[in-house]
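J.: Have a look at this one.
Protein chains in written order, with full-length UniProt numbering: chain A, 1 to 248; chain B, 1 to 248.
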């Protein structure tokens, strides 16, 4: 069998971007509900609680990646992702900023940080992502991070929509998103260049595209779970957060 | 069966320190050879080449640890270990300092950094350590890092012995050890406190002591391999560094 040639750099990047256009979770109705101001306070809280679990696993995912990287230069370039999320010993970092959002929507940040009330479907999706990055080829692991390419748009929409529609929303509550607007493009530039540089065969390009598709699945599944539990039919699974719990 | 009570804090710490006194690699004859100035230039080079492999895996080991830590505070406290070894994007870090030592002893730092010429026995021992930290209970993983308790003495002896006996030895060449003299005590204080705090049953104390014993084995096995290959009988295994290779 003749081996296919790889796409050229521009076409391959377009292929990756098309995955976001078709499948990123800004197309999910929960996103529209939220930034359009139609989500109830409890639906916002359910989102904050479940999304915490995703946030909390990102530094572990990035550490799992670094634990497999033998090139010190690549580890050095990747390390800022952990710093961005975990922050310093006493302050800063996306996790602390997410807990400020939790507080703003009326939740006890300690409750949210405990991970209590997270839906099992959220855990399954997020844990699958961490395992993917731990187990799959490094190129695929990097490619799976490229949903960040599509994140600035969703963060900007969230800031605008939440500020417009919700009393809780102010710059402190939304500082997570504001900060990510600055951080994500740097990570994307590095990750995208790495993938474009290293996916030098059609097979590697397919694997990278599959990895990015997988990651959009991870994000989409989280919003599907939220919709199922807290919108329609609104059947909260056993053990998941019940409105009224974990309030501050 | 009645469960044994755990040792009190002081006795347990004494038990851990006794492991170092009995088994740390400062008791290995290769250490005496080196800091006593009896090692040949090629024996020093073999040590620098093989020890590089250990150094190069430390940040991966620490990332593997962090990838399993769900407590952000513990990750934040641990992260400096990676920073200490990898350094910044452009400068600093134990790995770069080790390559300065490599250069000082006449080796091409690029050759050393490539990992070429590392003895298989070195790889097996070091890889076993990384796997241990990735797979074992977190308490055991922390305990395995506590060989750092015994490191300041060996670093100080190395600095003194190398400066005294070898022309190549100056502060630049030995900056790795000088820096570790400052870094290690901070890591030890944190790690030891963590182990003393969390090993609250006799079983956990046994496991922590076993983990520290395991780690002394990892270090000892590396010096045994060096001795076998480059001292006595001096039978260099297939593929390992041959004197004359990788010089600058």
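Just so it is clear, CB atoms sit at the ideal spot from N, CA and C, and this is done for glycine as well.
1) For the stretch 129-164 of chain B, which segments carrying the alpha helix (DSSP H) assignment without a break, of at least 4 residues, lie completely within its bounds, in sequence order?
2) Alpha carbon to alpha carbon, what distance is there between residue 88(A) and residue 75(B)?
3) Taking only beta carbons into account, state which residues of the stretch 77-102 of chain B come closer than 8 Å to chain A, listed in chain order.
4) Assign residue 226(B) to one of three DSSP states: helix, strand, or coil.
5) Once you ignore the five residues that flank residue 13(A) on each side, which residues in its own chain have a CB closer than 8 Å to its CB?
6) Among the residues of its own chain, which have a CB less than 6 Å from the CB of residue 142(B), if the five just before and after it don't count?
7) In chain order, what residues of the same chain lie with their CB nearer than 6 Å to the CB of residue 30(B), ignoring the 5 residues before and after it?
8) Could you tell me the distance, in whole angstroms, from the CA atom of residue 166(A) to the CA atom of residue 209(A)?
9) Specify the secondary structure class of residue 33(B) as computed by DSSP and reduced to three states.
10) Tell me the DSSP secondary structure of residue 95(A) in three-state form.
11) Buried or exposed: where does residue 102(A) fall if 16 or more other Cβ atoms within 10 Å of its Cβ makes it buried?
12) As a quick exercise: from 64(A), 105(A), 185(A) and 37(A), pick the residue whose alpha carbon is nearest that of residue 248(A).
13) Under 8 Å: do the stretch 237-248 of chain A and the stretch 105-124 of chain A share three or more Cβ pairs, one atom per stretch?
14) In chain B, which residues lie with their C-beta within 8 Å of the C-beta of residue 134(A)?
15) Which residues share a DSSP beta bridge with residue 7(B)?
16) Under three-state DSSP, which class holds residue 174(A)?
17) With DSSP as the reference, identify every bridge partner of residue 247(B), one or two as the case may be.
18) Which residues in the same chain as residue 28(B) place their Cβ atom closer than 7 Å to its Cβ, once the five residues preceding and following it in sequence are excluded?
19) In angstroms, rounded to a whole number, what distance separates the CA positions of residue 179(A) and residue 94(A)?
20) Is residue 140(B) buried or exposed, if buried means 16 or more other CB atoms sit within 10 Å of its CB?
21) Give the residues from the stretch 196-207 of chain B that approach chain A closer than 8 Å (Cβ to any Cβ), ordered along the chain.
T.: Here's the rundown:
1) Counting only runs of 4 or more, we get 138-144.
2) Separation of residue 75(B) and residue 88(A) (C-alpha to C-alpha, rounded to the nearest whole angstrom) is 10 Å.
3) Within the stretch 77-102 of chain B, 77, 79, 82, 83, 86, 87, 88, 89, 93 and 95 place their CB atoms closer than 8 Å to a CB of chain A, listed in sequence order.
4) DSSP places residue 226(B) in helix when its eight states are reduced to three.
5) Once the five neighbours on either side are set aside, the close Cβ partners of residue 13(A) are 192 and 196.
6) Around residue 142(B): 191, 194 and 195.
7) Leaving aside the five residues that flank residue 30(B) on each side, the residues in its chain whose CB is nearer than 6 Å to its CB run, in chain order, 223, 226 and 227.
8) Whole-angstrom Cα-Cα distance: 37 Å.
9) Looking at residue 33(B) - three-state DSSP - the assignment turns out to be helix.
10) Helix, per DSSP.
11) It counts as buried.
12) Check the Cα spacing between residue 248(A) and each of 64(A), 105(A), 185(A) and 37(A): the tightest is with 105(A).
13) Flag = yes, the stretch 237-248 of chain A and the stretch 105-124 of chain A touch.
14) What residue 134(A) touches in chain B: 67.
15) Residue 7(B) has no beta-bridge partner at all, per DSSP.
16) Reduced to three states, the DSSP call for residue 174(A) is coil.
17) Per DSSP, 107(B).
18) Take residue 28(B), set aside five residues on each side of it, and the residues of its chain with a beta-carbon closer than 7 Å to its own are 220 and 223, in chain order.
19) Each residue's Cα considered, the two are about 8 Å apart.
20) Residue 140(B) should be labelled buried.
21) Cβ contacts with chain A: none found.
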